[in-house]
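Enquirer: In case it helps, this note's numbering puts the sequence shown at residues -16 to 29. A virtual CB, placed ideally from N, CA and C, is assigned to each residue, including glycine. The structure presented is a predicted model; accordingly, all values stated were derived computationally and were not measured.
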Amino acid sequence: MSHIFTRKVDDALKQAQAEVLAACLKKLREHEAFVECRKQEHDGIR
């Protein structure tokens, strides 16, 4: 009984970690795109 429960908890933790990682990567990509856009704007002003 406890072994099955432990595995379910482990799977849930892995799922949560994967979701957090995906969200972090998405934020990072959005930030990189924003920085690149600002850089191009700045270069255009010069």
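Look at the alpha carbon of Val(-8) and the alpha carbon of Gln(-2), and state the distance between them as a whole number of angstroms.
Expert: Rounded to whole angstroms, Val(-8) to Gln(-2) spans 10 Å at the Cα level.
Enquirer: Alpha carbon to alpha carbon, how far is Ile28 from Phe(-12)?
Expert: 60 Å
Enquirer: Which residues in the same chain have their Cβ closer than 8 Å to the Cβ of His(-14), if we skip the five residues on either side of it in sequence?
Expert: none
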